[in-house]
Amino acid sequence: MNEILWLLLIFGIKAIIIISFVMLCAAAFVYLERKISAVIQNRIGPNRVGPFGLLQPFADVLKLFLKEDIVPKNANRFYHSLAPIITLGVAFSVFAIIPFASYLKIGDRVIHMGIAPNINIGFLFVLAMTSVGVYGITLAGWSSNNKYSLLGGLRSAAQMISYELAMGLAVISILLMSQDLTLTGIVEAQKGLKWNIFLQPLAFIIFLTSSFAETNRSPFDLPEAEPELVGGYNTEYSGMKFGMFFLAEYANMAAASAIISLLFLGGWNFPFIYEWLGFANGSVELVLVQLLVFLAKMLFMVFFFIWTRWSIPRFRYDQLMNLGWKILLPLGLLNILVTGIILMYI
Amino acid sequence: MQVVPLEYYLLLSGILFSIGSIGVLTRRNMIIIFMSIEMMLNSVNLTLVAFSAFLGNPSGQIFVFFVMTVAAAEAAVGLAILLALFRSKKTIYVDEVNMLKW
Amino acid sequence: MNLVDIVFYFFAVIIVASAAVVVLSKNIMYSAFSLLFTFFGVAGIYVLLNADFIAVTQLMIYIGGILVLIIFGVMLTTKITGLEMKTGITGKAQYAIGGLSTLVLGGTLIYVFNSTSWFKSPSVPTTSTVEAIGASLLTNYLLPFEAASVLLLLAMIGAALIARRK
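Protein chains in written order, with my numbering: chain A, 172 to 517; chain B, 2 to 103; chain C, 36 to 201.
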């Protein structure tokens with residue numbers, strides 16, 4: 172029984188650290204998004220709150236907390252409040268299986284740098300969580316009792332289940348390469364420069380496109396397309412409930428970037444520097460360097476997400492569906508076939 | 002760690018099956034009947050997984066896998082039929098669909 | 036009360052309560068979203084039984100696939116006039132007969148479940164079953180596995196053919 176309590180304590184501490192890390196990430200990404208978009212559009216961006224406007228996201232959150240929380244008169248109160256909780260909860264729960272570095276050794280106790288990076292189902296958990304994530308948005312759309320919200324919610328449900336297929340197919344070829352379902356195993360298989368972005372470029376493109384669609388980011392942000400749907404599924408949300416959707420969008424982006432860097436950019440692997448530094452396995456220094464490498468890759472992916480958003484116009488709905496079903500899905504199947512044949516004769 | 006006895010799981014699945022059967026027998030809306038059937042399939046799956054866990058043999062879980070496959074196929078075809086029916090008869094209440102040919 | 040007991044009762048209450056809402060609610064959207072909780076609770080029970088692969092499959096197929104299809108079915112076939120999407124029930128006679136036959140069926144089930152002395156393996160493995168399932172799907176159960184894939188293909192073609200607007 173003592174052992175179980177100890178285990179729960181460790182999980183609890185890890186969960187608190189990771190949740191606050193994700194919150195901080197989301198705040199930082201909001202700031203990054205505003206600054207990068209400002210640079211792209213030749214503006215200055217936020218520069219009043221704190222040095223270089225660095226405290227702007229905290230001011231925003233404070234403002235959202237103080238705003239009145241309006242629930243439309245004919246909305247369903249319970250589901251209207253449940254929807255943002257589901258969306259945010261799903262966005263956080265993906266981080267449960269993300270390994271941030273390999274492992275730390277204190278005495279003879281091995282501490283993994285993640286909440287549960289070694290569960291056997293591994294990547295399937297991410298797919299399962301994205302499929303639960305559909306409900307947050309659908310529920311928000313329906314319970315607001317507003318036609319724009321409903322249309323946004325339905326669009327997002329159709330979009331997310333369509334692109335989930337392509338995403339799953341792209342991952343299957345990665346699993347064939349690593350022969351392991353756990354994310355730690357997938358990273359270990361990409362040691363040195365055997366990154367999947369070089370070995371599986373097609374899978375990378377498919378996965379990247381689908382994760383844009385899964386996180387509802389531009390150019391696939393049809394669920395909240397402002398010109399046609401007012402605000403999409405979050406039209407009727409205000410105050411901190413809107414803030415939760417907003418936070419969830421950035422947490423999802425962080426999760427997507429982390430997963431892309433784990434699956435395709437080699438996670439914490441980087442050629443030469445580990446041999447050059449020569450730290451022992453499980454030492455604190457090694458874990459810190461790995462953490463830095465991983466965070467740098469994640470930050471690069473986030474930058475890519477933001478860059479795309481401010482450079483590419485939104486897709487039309489039929490174009491989106493055609494791309495998902497008629498191009499990405501067959502390409503994913505073809506990729507699995509080719510990978511399988513090559514692996515068989517290697 | 003397996004402290005909850007097998008009978009509890011079976012009891013839960015029996016209750017779930019009965020609730021589903023009430024739904025199938027008393028509702029008129031085809032979609033609700035459909036949901037109740039999915040619920041009954043779930044209770045059967047629960048039984049299979051419970052037996053498999055207490056027997057220490059994963060074969061039961063493979064049956065569950067196939068049941069889920071059939072359920073997915075059933076959902077796709079069933080909802081397609083539902084849409085076709087709604088288009089031609091403008092109703093999805095089972096007691097109003099009483100003609101063999103339209 | 037053990038930790039596992041508490042988790043079991045928590046999920047059991049979620050399952051039974053939400054299943055009752057699915058069957059008894061007059062508003063079809065309440066039914067559809069309650070079914071989400073039923074499926075979720077069943078997935079929780081699977082985790083409790085060390086069937087992690089089945090639990091994730093449950094989330095992906097039932098919640099991510101079937102329930103989304105059901106909600107689309109509701110949206111496409113019910114006149115959406117605000118939140119109210121009423122559905123009727125059959126007459127009192129059907130209610131009585133349905134309740135009675137369910138009582139008989141459920142009573143028999145529960146009686147059989149309780150009175151049989153089930154065989155229980157003395158050593159219950161608590162490890163994950165992902166590998167065992169994968170290995171047996173491609174060896175002992177290869178033929179059903181392939182047959183299932185053909186079934187899914189047929190269902191896909193059939194569904195597209197039936198639902199297509201002429």
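The beta-carbon is built from N, C-alpha and C at its ideal position, and this holds for glycine as well.
- Cβ atoms of Leu70(C) and Met36(B) come within 8 Å of each other, at about 5 Å.
- Interface residue (Cβ-Cβ distance to chain C less than 9 Å): Trp496(A) is not classified as such.
- Straight-line measurement puts the Cα of Val358(A) at about 13 Å from the Cα of Pro442(A).
- Setting aside the 5 residues that flank it on each side, Ala419(A) is surrounded in the same chain by Thr258, Leu259 and Ala262, each with a C-beta closer than 6 Å to its C-beta; the list follows chain order.
- Closer than 9 Å to the CB of Val91(C) there is at least one CB belonging to chain A.
- Close to chain B, meaning a Cβ-Cβ distance shorter than 7 Å, are the following residues of the stretch 167-178 of chain C: Ala167, Ile168, Ser171, Leu172 and Tyr176.
- For Asn99(B), no CB of chain C lies under 9 Å from its own CB, so it is not counted at the interface with that chain.
- Counting along the chain, Arg280(A) sits inside the beta strand (DSSP E) bounded by residues Arg280 to Met284.
- Listed in chain order, the alpha helix (DSSP H) runs fully inside the stretch 123-178 of chain C are 127-150 and 165-172, counting runs of at least 4 residues.
- Apart from the 5 residues on each side of it in sequence, Tyr65(C) sits with its Cβ closer than 7 Å to the Cβ of Val56 in its chain, given in chain order.
- In this structure, the straight-line span from the alpha carbon of Phe266(A) to that of Ile98(C) is close to 20 Å.
- Distance check between Thr406(A) and each of Ser302(A), Ile184(A) and Gly323(A) places Gly323(A) closest, using alpha-carbon atoms only.
- Using a Cβ-Cβ cut-off of 7 Å, Met191(C) is close to Ala77 of chain B, given in chain order.
- The C-beta of Leu94(C) comes no closer than 9 Å to any C-beta of chain B.
- For Asp87(C), same chain residues with a beta-carbon under 8 Å away, outside a window of 5 residues either side, are Tyr81, Ser163, Thr164 and Val165 in chain order.
- Here Tyr306(A) carries a helix assignment [DSSP, helix/strand/coil].
- By the CB criterion at 9 Å, Leu340(A) and Leu500(A) fall inside the cutoff.
- Judged by DSSP secondary structure, Ile105(C) falls within the alpha helix (DSSP H) whose first and last residues are Leu102 to Thr112.
- Against chain C, a Cβ distance below 8 Å from Met36(B) picks out Val57, Ser66, Ala67, Leu70 and Ile105.
- Residues of chain A whose Cβ lies closer than 7 Å to the Cβ of Phe88(C) are, in chain order, Ile292.
- In its chain, beyond the 5 residues on either side, Ile368 and Phe435 have a beta carbon closer than 6 Å to the beta carbon of Phe375(A).
- Within chain A, the residues whose beta carbon sits less than 8 Å from that of Val165(C) are Asn291, Ile292 and Leu352, listed in sequence order.
- Taking a contact to require three or more Cβ pairs closer than 8 Å, the stretch 305-315 of chain A and the stretch 208-218 of chain A do not qualify as touching.
- At the C-beta level, Gln227(A) and Val201(A) come within 9 Å of one another.
- Measuring C-alpha to C-alpha distances from Leu135(C) to each of Ser22(B), Tyr94(B) and Arg88(B) identifies Ser22(B) as the nearest.
- Per DSSP, the continuous alpha helix (DSSP H) segment holding Leu434(A) begins and ends at Gly410 to Leu434.
- When secondary structure is reduced to three states using DSSP, Tyr9(B) falls in the helix class.
- Sequence-distant partners of Tyr421(A) (beyond 5 residues in either direction) whose C-beta falls short of 7 Å from its own C-beta, in its chain, are Ala197, Phe200 and Val201.
- Nearest in C-alpha terms to Lys185(A), of all of Leu176(A), Val305(A) and His283(A), is His283(A).
- Between the alpha carbons of Ser60(C) and Thr73(C) lies a distance of about 14 Å.
- DSSP places Ile277(A) within a strand segment (E or B) once states are collapsed to three.
- Inter-residue distance for Phe67(B) and Met191(C) is about 16 Å (C-alpha atoms, whole angstroms).
- The straight-line gap separating the alpha-carbon atoms of Ile50(C) and Gln93(C) is approximately 14 Å.
- The three-state secondary structure of Asn85(C), taken from DSSP, is coil.
- Listed along the chain, the chain B residues whose CB falls inside 9 Å of the CB of Ser136(C) are Ser22 and Leu26.
- Between Ile98(C) and chain B, the shortest Cβ-Cβ separation is not below 9 Å.
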